[in-house]
Amino acid sequence: MDDSDDDIPIASLTAKIAPAPIIKSEPKPPPAAAPAAAAKPKPIDGAIPKKVKKEVSNAEKYPGLTADEIAYKEKLKEIKRFAKIEKQQKKEKKKAKKEKEAKKRQREDSGGDFERKPKKEKKPRAIKVETGPKKAKATDKTQRLAQAMKAFLWWNAPTPPEGQQWSTMEHGGVAFPEEYVPHGVKMFYDGKEIDLTPEQEEAATFMAGMDKNGMHLGNPKTAKIFINNFFTDFKALLGRGHPVKDFAKCDFKRISDHLEEQKMVKKAITDGEKKMNKKIKDQINFKHGYAIVDGHIEKVGNFNMEPPGTFRGRGEHPKMGKIKQRVLPEQVFMNFSVENAPPICPVPGHAWGEIRHDPCVQWLGNWKENINGQDKYMQLAAMSSFKGKSDRSKYNKAARLCGNIEKIRKDYKKNLTAKDKALRQLATAMWVIDRLALRVGGEKDTDEEADTVGCCSLRVEHMTFNPNNDDDALEVELEFLGKDSMLFKQTIDFGSELYTTNNGMGEQVYKNFKNFCTGKKKSDDIFETLTPSILNDHLKNLMPGLSAKVFRTYNASVTLQDELAKKEKVENWDSLTVTQKVTNYNDANRIVAILCNHQRTVSKAQETALETIQAKLDTLIEQKKVLKKILKLFNKGGDLSLIPKKKSETEMKEAVTKALENAKKMKEEAKSNEEKIAATKADAEAKKLRKEAGDSKFSQAHLWENQPSESQVANKIQQWTQKIERMSMDLKNKDDNKEVSLGTSKINYMDPRATVAFCKRNEVPIDRVFSRTLRDKFNWAMSVTPEWQFCYEIGLED
DNA sequence: CGAGAGACTTAGTAACTAGAGC
DNA sequence: GCTCTAGTTACTAAGTCTCTCG
0 MDDSDDDIPI ASLTAKIAPA PIIKSEPKPP PAAAPAAAAK PKPIDGAIPK KVKKEVSNAE
60 KYPGLTADEI AYKEKLKEIK RFAKIEKQQK KEKKKAKKEK EAKKRQREDS GGDFERKPKK
120 EKKPRAIKVE TGPKKAKATD KTQRLAQAMK AFLWWNAPTP PEGQQWSTME HGGVAFPEEY
180 VPHGVKMFYD GKEIDLTPEQ EEAATFMAGM DKNGMHLGNP KTAKIFINNF FTDFKALLGR
240 GHPVKDFAKC DFKRISDHLE EQKMVKKAIT DGEKKMNKKI KDQINFKHGY AIVDGHIEKV
300 GNFNMEPPGT FRGRGEHPKM GKIKQRVLPE QVFMNFSVEN APPICPVPGH AWGEIRHDPC
360 VQWLGNWKEN INGQDKYMQL AAMSSFKGKS DRSKYNKAAR LCGNIEKIRK DYKKNLTAKD
420 KALRQLATAM WVIDRLALRV GGEKDTDEEA DTVGCCSLRV EHMTFNPNND DDALEVELEF
480 LGKDSMLFKQ TIDFGSELYT TNNGMGEQVY KNFKNFCTGK KKSDDIFETL TPSILNDHLK
540 NLMPGLSAKV FRTYNASVTL QDELAKKEKV ENWDSLTVTQ KVTNYNDANR IVAILCNHQR
600 TVSKAQETAL ETIQAKLDTL IEQKKVLKKI LKLFNKGGDL SLIPKKKSET EMKEAVTKAL
660 ENAKKMKEEA KSNEEKIAAT KADAEAKKLR KEAGDSKFSQ AHLWENQPSE SQVANKIQQW
720 TQKIERMSMD LKNKDDNKEV SLGTSKINYM DPRATVAFCK RNEVPIDRVF SRTLRDKFNW
780 AMSVTPEWQF CYEIGLED
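Numbering (numbering that gives the first Met the number 0), first residue to last: 0 to 797.
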């Protein structure tokens, strides 16, 4: 890893550049240079501006070339150097291996009973002389930065002045995506080639890159919206009087093929190039990925400016497909402390739009996107102190709800039967938010956004009374699209024990809903008197700081804790393995995820994978039947020559090896793009062949090349029984969980301290339930005792 | 008081990568 | 040692909630 200080932007930034009140970047290149530069060969990856000093010497080395071309040449050189070193290392390794084998052969040739070389006499171990402190194990810069961040325990540090988030803050600003480099591949209109300007070509390329079977174009309804929006923006780019008028006549096939080819070229990347790319990525990361806040290193969450493209709104978003424009530095605001040097604008000839020094907000950068006119922010990462503090106080607030929940439930229980309709609606909504864990559901403009709802915006059409035609039941089917257009579809039985015992008031809620829906149109609001602010204001009166979303956090955390406690009470709990305990934890997690309606869409690939497992399972079952028949032959003294034999696999194996070797060779030798594409194609073919060979092997795995013995057959039957059992369990698990997303509740809803305490009580390593990033995000929660409980008292900590 | 700006949290999906399994 | 898959991370859309302003 390069440790030169030119890639450390922050600590040395202040020292390196004089503080300037107005931000200006390097002088703008003459406008005529821009299109010319675009036509130049594209650098392999994000071009890192070289030092001025180096540029001068390079300019002498390559007279007549532009800076970009020089940078490109230099990069190529470096890649070649890497490749050379790698080749050399391989050669040496091979040589060493050869020598070792030769020696081995020599020993074997001498009859195997060779005389061992007399062992060299061991030198007496030198007495270590302590020369100073032990040298730390070599670590790379990323690791050292991670250690530095870990060393800062914000929960022990003094807090900034009231209302302020920080006292000093400096950072490297946002990184911008590379300028668009035209590929020159034409689109066709009505069978004819169309010339496009780089800007138009870029837009056409966005469309060409869309997955035809993806979530936008794969669905006829959304595809129509997407294409309409795209084409409107595209036509605006083409200008008035342009021959392109009808989307149906547009053909982007050539461009999509070109994109496919580019992907293949990228796949055929050598190890040297991979290393080079990683190095470049690291450098950008060091430059923009860290901030210094009140003297501590903090990780930045998002420092890459969102690149232009098509807007991918979810569900039936009315604006999906519109072109998301490229954001220029002039549109971006930077926020940092006044005494620090401003981040350098990385785009030559441009400057930041505005400079702020506002310590009351967390954001480092801010810009507006052109689709919905919404603000976007550059912020610190989830593991930072900013996020950690707000996360902890979120969970503590939810814990305080433990001590207030009885009072709140009493309050809405009383109001459920109030004479005032508004009060009854308020109480009913509170019941829904508490018991069904729905979001509050703010008002939405369906011309601008997808039509999704939450509690306050529920409409009559979302409720079906008596869906099962059972007049005695108090059942209601709730069906609507929630956040991210995720379907919520549940039949609520208000008469069930779940909603009637412990002051559940299920029957009353059912009555209220019936009452609120009568005499209304389908498109009318159920709670016409209620808004999120009325609801939240009321909640605030019951408990300071309380809002609707706290109920989701509270319910998720309490549910997790209760479910875990239930599991830990099982008699044989202590004898369970760590893996079994983790499975139990995941089961509890799943209950929370279902409560919060956290879903994921099953992708085509996942669906195919499931089908493959099912097919394999079917094969195994068939094979077991065959094995049983063979065993019968033994038992009944039948003709053993009838036992089917395994066909030779050698030929196929050899073909596969040959194809794979050939593809590898092609990949290594590929220089031009055409060769790289050919290599990737050959590789795909070889892998296909290998898969076929694997399938064929699997289909006769139960057989033998020679006649088996009875015990061999019996053994195999036992093996197959176990295999079938394992595979069906696996399939069932995968099928049950394919649509539930466990991650969201783990990241946002369940108090991490409950998980940490569970792990400590049960000697489950924390990394079995929290990934690296989650452990970093929840670093403040790691020190709790095994007895820790999610309760009112812990909420009083801050 | 309501609308909307502004700030921050919550969310699913696409892309990437580590490590289990052959 | 290599591949494939499951788990993880990056990305950015879509919510909630507070505060200000007219």
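Beta carbons are placed, not taken as given, at the ideal position from N, Cα and C, and that holds for glycine.
Residue environment, residue i, which counts as buried when at least 16 other CB atoms sit within 10 Å
i	result
Ala37	Confidence is the limiting factor: at Ala37 the pLDDT is only 29, short of 50, which leaves the residue's position unreliable, though a coordinate-based value still follows. Exposed: under 16 other Cβ atoms inside 10 Å.
Pro160	exposed
Thr490	exposed
Ala587	buried
Thr309	buried
Thr451	buried
Leu626	buried
Arg399	buried
Val243	buried
Phe789	buried
Trp572	exposed
Ile620	exposed
His701	buried
DSSP beta-bridge partners of residue i
i	result
Leu486	Leu480
Phe464	Val475
Met168	Val292
Tyr188	Lys191 and Cys249
Asp374	Lys367
Met148	BP columns for Met148 are empty, so no partner.
Asn334	Arg355
Ile491	Val475
Gly308	Lys323
Short Cβ contact (9 Å threshold) for residue i with residue j
i	j	result
Lys696	Glu648	yes
Phe487	Glu474	no
Met209	Phe225	yes
Arg689	Ala669	no
Glu724	Val601	no
Tyr791	Ser556	no
Ala417	Leu529	no
Glu447	Pro342	no
Ala780	Arg760	no
Met485	Gln598	yes
Leu236	Glu198	yes
Val299	Gln378	yes
His257	Val184	yes
Tyr847	Phe757	Here the chain comprises residues numbered 0 to 797, so residue 847 is not present and cannot be evaluated.
Met304	Trp366	yes
Val763	Val783	no
Ala692	Val655	yes
Pro707	Ile765	no
Cys249	Tyr179	no
Lys635	Glu704	no
Met206	Leu195	no
Phe151	His287	no
Ser389	Cys595	no
Sequence-distant residues of the same chain with beta carbon closer than 6 Å to residue i, five excluded per side
i	result
Asp561	none
Thr204	Ile254
Phe233	Ala202
Phe550	Ile432 and Asp433
Glu709	Phe633
Phe246	Ile226 and Phe230
Ala222	Leu216
Phe385	Gln361 and Leu379
Cβ shell of residue i (< 7 Å), same chain only, five flanking positions each side left out
i	result
Asn369	Lys323 and Gln324
Ser546	Asn535 and Leu538
Asn228	Lys318, Met319, Gly320 and Lys321
Ala713	Leu630
Any 3 or more C-beta pairs closer than 8 Å across the region 264 to 281 and the region 204 to 223: Using a C-beta cut-off of 8 Å, the region 264 to 281 makes no contact with the region 204 to 223, since fewer than three inter-stretch Cβ pairs fall below that distance.
The region 445 to 458 contacting the region 524 to 533, beta-carbon criterion three pairs below 8 Å: Touching, yes.
Are at least three pairs of beta-carbons, each pair with one atom in the region 165 to 176 and one in the region 330 to 341, less than 8 Å apart? Between the region 165 to 176 and the region 330 to 341, the count of Cβ pairs shorter than 8 Å is three or higher; the stretches touch.
For the region 436 to 445 and the region 502 to 520, state whether three or more C-beta atom pairs, one from each stretch, are separated by less than 8 Å. Using a Cβ-Cβ distance cut-off of 8 Å, the region 436 to 445 and the region 502 to 520 are not in contact, since fewer than three pairs of beta carbons, one from each stretch, lie closer than that value.
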